[in-house]
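**Student:** Protein chains in written order, with our numbering: chain U, 1 to 237; chain E, 1001 to 1237. Don't be surprised by glycine CBs; every beta carbon is placed ideally from N, CA and C. Quick caveat, the model's predicted, so the values are computed rather than measured.
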DNA sequence: CCGATTTGGTTGAATGACCAATCAGGTTTG
DNA sequence: CAAACCTGATTGGTCATTCAACCAAATCGG
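#1: Using a cut-off of 7 Å between C-beta atoms, extract the partners of residue 66(U) located in chain E.
#2: Considering residue 1159(E), what are the terminal residues of the alpha helix (DSSP H) in which it resides?
#3: Rounding to the nearest angstrom, what Cα-Cα distance links residue 1083(E) and residue 88(U) in this structure?
#4: What's the call for residue 1166(E), buried or exposed, on a 16-neighbour Cβ count within 10 Å?
#5: For residue 1119(E), would you say it is in contact with chain U, using Cβ-to-Cβ distances shorter than 8 Å as the test?
#6: If the cut is a Cβ gap below 7 Å, which residues of chain U does residue 1112(E) touch?
#7: Output yes or no for whether 8 Å exceeds the beta carbon distance between residue 181(U) and residue 1128(E).
#8: Whose Cβ in chain E lies nearer than 8 Å to the Cβ of residue 180(U)?
#9: Any beta carbon of chain U sitting closer than 8 Å to that of residue 1169(E)?
#10: Does DSSP classify residue 211(U) as helix, strand or coil?
#11: Within 8 Å of any Cβ in chain U, is that where the Cβ of residue 1035(E) sits?
#12: Can you tell me whether residue 1102(E) is buried or exposed? The criterion is at least 16 other CB atoms within 10 Å of its CB, across all chains shown.
#13: Quick one: measure Cβ to Cβ for residue 1174(E) and residue 169(U), integer angstroms, because I've assumed they're closer than 8 Å.
#14: Using 8 Å as the threshold, is the region 1146-1158 of chain E in touch with the region 183-190 of chain U, meaning 3 or more CB pairs across them?
#15: Can you find a C-beta in chain U that's less than 8 Å from the C-beta of residue 1159(E)?
#16: Tell me which residue opens and which closes the alpha helix (DSSP H) that residue 121(U) is part of.
#17: Starting from the Cα of residue 111(U), find the closest Cα among 65(U), 30(U), 34(U), 77(U) and give me that residue.
#18: Could you check whether the Cβ of residue 1172(E) sits closer than 8 Å to any Cβ belonging to chain U?
#19: Taking the alpha carbon of residue 122(U) as the point to measure from, which residue in 1124(E), 1122(E), 1114(E) has its own alpha carbon closest?
#20: Taking just the CA atoms, how far does residue 57(U) sit from residue 198(U)?
#21: Between residue 44(U) and residue 1096(E), what straight-line distance do the alpha-carbon atoms span, to the nearest angstrom?
#22: If distances are taken between C-alpha atoms only, which option among 60(U), 177(U), 141(U) comes closest to residue 75(U)?
#23: Please classify residue 1183(E): is it buried, with 16 or more other beta-carbons within 10 angstroms of its beta-carbon, or exposed?
#24: Answer yes or no: does any C-beta atom of chain U fall closer than 8 Å to that of residue 1177(E)?
#25: Between residue 200(U) and residue 1078(E), is the Cβ-Cβ spacing less than 8 Å?
#26: Can you tell me whether residue 178(U) is buried or exposed, with buried defined as 16 or more other CB within 10 angstroms of its CB?
#27: Assuming residue 1051(E) and residue 1024(E) make a contact with CB atoms under 8 Å, what is their CB distance in whole Å?
#28: Using three-state DSSP, classify residue 172(U) as helix, strand or coil.
#29: By the criterion of Cβ-Cβ separation under 9 Å, what are the contact partners of residue 1032(E) in chain U?
#30: Quick check on residue 237(U) - is its C-beta less than 8 Å from some C-beta in chain E?
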């Protein structure tokens, strides 16, 4: 019988469950939630239609499972990439942004799926709760990065790390959305601008401490030729 | 017979068309695109179900009309608010952000509708084209603002105004999305951080020109107590 | 100035397609 | 042989779209 409890279903046959969830993620990422029928998913997974309902109560609970897996994956990856990054704080910050950018350009289906989930969640409390807790975790992870960066600056930035983190997250989401809609959108250029924005505002902590802006570090972080200091500019130390 | 051409339908009875589009916007903003039936829309508009198809070929073309109207409205409003803003460039930039923030908090249904459209557009070329041209216009408008701000700075920012504009737009979109999902999200705080980010990076142009950062202007722009210059900080002139 | 006729607007019931979810029955496995 | 696993046809409901009929206001011929 279909499990009425958690979407990860019964203890047995985890292989099939995984196959279903993966097939659902693929199909929904390709054709959208509304555009994908249970039949399509069953076909994609190479199983009978009824079997999906043996493991999942409803289409929505299946989407919930897909989402759950996706969130875990994304968080794990972002944590790993942040942990692996080294060097000065500005370079590390830029590395984090690059990770997000690459994720968006390399897995557009996942991003699409995420937006589908947002739309569905607005009518579905369980999904909304899942999304909220996912955002809470992303916020915490990002805020930790910001705090670490903060600690390496001569002066802390004058805004709470959580707020800073949320703006970063919002920028990443917004750029991902734009790239979905606009196939010709220059996401590289946008991320360079995003990087400049974030890092130069972090760098303003140097100014607040009475120290010159580390323009070279900034330039290195977001690519050469971007910062062209005019005559009379403050030199990095 | 139903018009096969543009979604604005025949020349006659523009009143009814407007009523339908408004009812559709209301209903879809409330219950989502998938969650709203033609029957619901007809009821909301106080007309018979069949009449909608007299003016609109399909549900999607109706959504297209809704979107068209919404885009025009949003662009008009943002242009108006930008034109009306006065004062120093940083304050004007902040005023623009405040306008976006207020728009999001005061018309959540419109924002929801916009996300619905994004989702639908991924399966619908006509809708996608409409969204793209809307984004192109928003980008142009925002880039013009950035250019104007740029011209008032001692040094131009080292990134193209279009890229800068796109990051601003993305941030606004991302924060709007987050606020939709997360009812308890502190959008005011996030916008303060966003403002600090944008304005302090604009202010880095002062540093590039060898001038001190105008911290007071920044503090005024995004609210007092946000910028707390430590002992030894550079003073504004 | 008046009936007839066309045209544009409007109605709500009928149509037909689709699809999530169910079920009655098979198959494997311990 | 039971318990878990699996199948695909069936069901019941929803919904966009169509349609036949109705109404009102023009347009027109006499």
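**Tutor:** Straight from the coordinates:
#1: Residue 66(U) sits at position 66 when you count from the first residue of the first chain. Neighbours of residue 66(U) on chain E: none; closest Cβ ~16 Å, over 7 Å.
#2: On the second chain, residue 1159(E) is found 159 positions in, with the first residue counted as 1. Unbroken run through residue 1159(E): none, as it is neither H nor E.
#3: Counted from its first residue, the second chain places residue 1083(E) at position 83. Counted from its first residue, the first chain places residue 88(U) at position 88. Approximately 42 Å, taken between the alpha carbons.
#4: Position 166 of the second chain, counting from 1, holds the residue named residue 1166(E). So residue 1166(E) ends up on the buried side.
#5: Numbered from its first residue, the second chain carries residue 1119(E) at position 119. Answer yes: the Cβ-Cβ gap between residue 1119(E) and chain U drops below 8 Å somewhere.
#6: The residue you call residue 1112(E) lines up with position 112 of the second chain. Neighbours of residue 1112(E) on chain U, chain order: 122.
#7: Stepping through the first chain from its first residue, residue 181(U) is reached at position 181. Stepping through the second chain from its first residue, residue 1128(E) is reached at position 128. Yes.
#8: As a first step, residue 180(U) must be located in the first chain, where it is residue number 180. Residues of chain E passing the Cβ test: 1118, 1122.
#9: Taking the second chain and counting its residues from 1, one reaches residue 1169(E) at position 169. Yes, residue 1169(E) lies at the interface with chain U (some Cβ there is under 8 Å from its Cβ).
#10: One-based indexing of the first chain puts residue 211(U) at position 211. Three-state DSSP puts residue 211(U) in coil, outside helix and strand.
#11: Here residue 1035(E) corresponds to residue number 35 of the second chain, with the count starting at 1. Chain U contact via Cβ: present.
#12: Counted from its first residue, the second chain places residue 1102(E) at position 102. Residue 1102(E) should be labelled exposed.
#13: Taking the first residue of the second chain as position 1, residue 1174(E) is located at position 174. Taking the first residue of the first chain as position 1, residue 169(U) is located at position 169. Going by Cβ atoms, the distance from residue 1174(E) to residue 169(U) rounds to 7 Å, so yes, they are a contact pair.
#14: no
#15: Taking the second chain and counting its residues from 1, the one referred to as residue 1159(E) is at position 159. Interface residue, yes.
#16: Reading the first chain from its first residue, position 121 is the one you call residue 121(U). Taken as a continuous stretch (DSSP letters only), the alpha helix (DSSP H) holding residue 121(U) covers 108-121.
#17: Locating residue 111(U) in the first chain gives position 111, counting from the first residue. Closest option to residue 111(U), Cα to Cα, is 30(U).
#18: Locating residue 1172(E) in the second chain gives position 172, where the first residue counts as 1. Yes - at least one Cβ of chain U is within 8 Å of the one on residue 1172(E).
#19: As a position in the first chain, residue 122(U) is number 122, starting the count at 1. The residue with the shortest Cα to Cα distance from residue 122(U) is 1114(E).
#20: Position 198 of the first chain holds residue 198(U). Position 57 of the first chain holds residue 57(U). Using only the alpha carbons, I get a separation of about 44 Å.
#21: To locate residue 44(U), count along the first chain from 1; it is residue 44. To locate residue 1096(E), count along the second chain from 1; it is residue 96. Going from the Cα of residue 44(U) to the Cα of residue 1096(E) covers about 47 Å.
#22: Taking the first residue of the first chain as position 1, residue 75(U) is located at position 75. Here the closest residue by C-alpha is 141(U).
#23: Working through the second chain from its first residue, we reach residue 1183(E) at position 183. Classification for residue 1183(E): exposed.
#24: Here residue 1177(E) is taken as the residue at index 177 of the second chain, counted from 1. Yes, because at least one Cβ of chain U sits closer than 8 Å to the Cβ of residue 1177(E).
#25: As a first step, residue 200(U) must be located in the first chain, where it is residue number 200. As a first step, residue 1078(E) must be located in the second chain, where it is residue number 78. No, these two residues do not count as a Cβ contact at 8 Å.
#26: For the purposes of this step, residue 178(U) is taken as residue 178 along the first chain, with counting starting at 1. The residue in question, residue 178(U), is buried, as its Cβ has 16 or more Cβ neighbours within 10 Å.
#27: Stepping through the second chain from its first residue, residue 1051(E) is reached at position 51. Stepping through the second chain from its first residue, residue 1024(E) is reached at position 24. The Cβ separation is near 12 Å, so there is no contact.
#28: Stepping through the first chain from its first residue, residue 172(U) is reached at position 172. Residue 172(U) falls in the helix class under three-state DSSP.
#29: Within the second chain, residue 1032(E) is the residue found at index 32, counting from 1. Those are 119, 120, 122, 123, listed as they occur along chain U.
#30: By one-based count along the first chain, residue 237(U) stands at place 237. Here residue 237(U) scores only 36 on pLDDT, less than 50, and its place in the model should not be relied on; the value that follows carries that caveat. No, residue 237(U) lies away from the interface with chain E (no Cβ there is under 8 Å from its Cβ).
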